[in-house]
Structure formats: C-alpha cells, structure tokens
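Asker: What follows is a single structure, and I will ask about it in a moment.
Numbering (this note's numbering), first residue to last: 1458 to 1636.
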C-alpha cells in the first residue's frame, strides 16, 4: 500500500495528465474532487503559460471557485449545451471499469455535465481501483421527495441512509439545495 505522499503525488500526476487532453477552442466540463483539482490547476497554468483558450463548465461550487482562481474562463450549459470533453474523478473503479462517483455531493451536476459531453474521461490514481465496488452509491434527493425516494430505493433492494453533515447539524446539502 502506498504512503500518503506517494498517493498525493499519484493524484497530482493523474490530474495533470488529464489537463493535456484540453485543446484551444474546446468547451470542457470541469469535475469535482481532489484529483480533478489538479487538472483544473494545471489548466490554469496552461492558460497563463501557453495561451490555452477554452471555456470551462464546473460541476460544483468547489470546481467553480478553483477554476476562477486559476484564471479559467467559465460558461454554462445553457450557453454551451454540448461539451467537447468532460473530466471528472471517481470514488471507486472496478476491474470492469464500472465507476462509483459523486461522494463529494456534486453527483447530479457531474452526471448532467458528463451526459452533455461528446467525450467523458474519468481520472483516477491507483488508490481508486478496487476488486469489488463497495462505496455507497450517492443519490441526490429533492427534500420534497425524500420519503418517496427512500421507499423506491428499498423496493429496489437498497438500504438508503441519509448522509449527515460533518461540520453542521442535519443532512449533507448539495450545491443544488437537495439531500
């Protein structure tokens, strides 16, 4: 098993490598999470040093703030409904390349951006690869529909658990204001 510094370096290398997929003139979905943060930072460097010109569509408040701080010009899906590329991270990846993502509570926007992209790339270091997927599958729920969704998930064999916030009382609230 890798130590923390080796894992952090692997995340950085994976994230920065994904930034090389972006070419001038593209509209790019910018995912959320620690690995994709390296992608966004590297894209900011490329904007400054290489004159790279592209538009980014962030999947979260976190990605938006980092992109702005990195000097990346942003747009929206309303203005650019078709993206050339979207880059996002993963919580787990199995040997069949099935992925669980969205543990950072940005999954709905991540999914919308991924579905809007002509090419979708998952960037992950080896710590994300597992024999069997075990991470809880995030589901964003309108507060109005919480009991309905809970019932339907149980009917599908799921065991829904409302994720509670660590730094606040009550449930985790997504960037969209949902559970």
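No residue lacks a Cβ here, since even glycine has one placed at the ideal position from N, Cα and C.
1) Taking C-beta to C-beta, are residue 1492 and residue 1562 nearer than 8 Å?
2) Roughly how far, in whole angstroms, is the beta-carbon of residue 1542 from the beta-carbon of residue 1485, given that I think they are within contact range, below 8 Å?
3) What distance in whole Å lies between the Cβ atoms of residue 1538 and residue 1524, which are believed to be in contact at a cut-off of 8 Å?
4) DSSP puts residue 1543 in a beta bridge; with which residues?
5) Which word fits residue 1600, buried or exposed, when buried means at least 16 other C-beta atoms lie within 10 angstroms of its C-beta?
6) For residue 1626 and residue 1505, what's the separation of their Cα atoms in angstroms?
7) Shortest alpha-carbon distance to residue 1579 belongs to which of 1545, 1500 and 1530?
8) Locate the beta strand (DSSP E) running through residue 1596, then write down its first and last residues.
9) When DSSP labels each residue in this structure, what does residue 1455 get in the three-state scheme?
10) In the DSSP assignment, find the unbroken beta strand (DSSP E) run with residue 1627 in it and report its ends.
11) Buried or exposed: where does residue 1583 fall if 16 or more other Cβ atoms within 10 Å of its Cβ makes it buried?
12) Is the beta carbon of residue 1509 less than 8 Å from the beta carbon of residue 1521?
13) Would you mind giving the Cβ-Cβ distance between residue 1590 and residue 1555, rounded to the nearest angstrom? I have them listed as a contact below 8 Å.
Answerer: Based on what the coordinates show:
1) Within the chain shown, the letter at position 35 stands for residue 1492. Within the chain shown, the letter at position 105 stands for residue 1562. Their beta carbons are not under 8 Å apart, which means residue 1492 does not touch residue 1562 by this criterion.
2) Along the chain shown, one-based indexing puts residue 1542 at 85. Along the chain shown, one-based indexing puts residue 1485 at 28. Yes, residue 1542 and residue 1485 are in contact; Cβ-Cβ is about 5 Å, under 8 Å.
3) Translated into the one-based positions of the chain shown, residue 1524 becomes position 67. Translated into the one-based positions of the chain shown, residue 1538 becomes position 81. Wrong, their Cβ atoms sit about 19 Å apart, outside the cutoff.
4) As a position in the chain shown, residue 1543 is number 86, starting the count at 1. The partner list for residue 1543 (beta bridge, DSSP) reads 1486 and 1577.
5) Indexing the chain shown from 1 puts residue 1600 at position 143. Answer is exposed; the Cβ neighbour count stays below 16.
6) Here residue 1626 corresponds to residue number 169 of the chain shown, with the count starting at 1. Here residue 1505 corresponds to residue number 48 of the chain shown, with the count starting at 1. Rounded to the nearest angstrom, the two C-alpha atoms are 41 Å apart.
7) The residue given as residue 1579 occupies position 122 in the chain shown. The option with the nearest alpha carbon to residue 1579 is 1545.
8) As a working note, residue 1596 is residue 139 in the chain shown. Per DSSP, residue 1596 belongs to no beta strand (DSSP E) and is neither H nor E.
9) Residue numbering for the chain in the displayed model covers 1458 to 1636; residue 1455 lies beyond these limits and cannot be assessed.
10) For the purposes of this step, residue 1627 is taken as residue 170 along the chain shown, with counting starting at 1. First-last for residue 1627: undefined, no H or E at that position.
11) On the chain shown, position 126 is the one that residue 1583 refers to. It is exposed - the Cβ of residue 1583 has fewer than 16 other Cβ atoms within 10 Å.
12) As a position in the chain shown, residue 1509 is number 52, starting the count at 1. As a position in the chain shown, residue 1521 is number 64, starting the count at 1. Their beta carbons are not under 8 Å apart, which means residue 1509 does not touch residue 1521 by this criterion.
13) Here residue 1590 is taken as the residue at index 133 of the chain shown, counted from 1. Here residue 1555 is taken as the residue at index 98 of the chain shown, counted from 1. Yes, they are in contact, since the Cβ atoms of residue 1590 and residue 1555 sit about 6 Å apart, within 8 Å.
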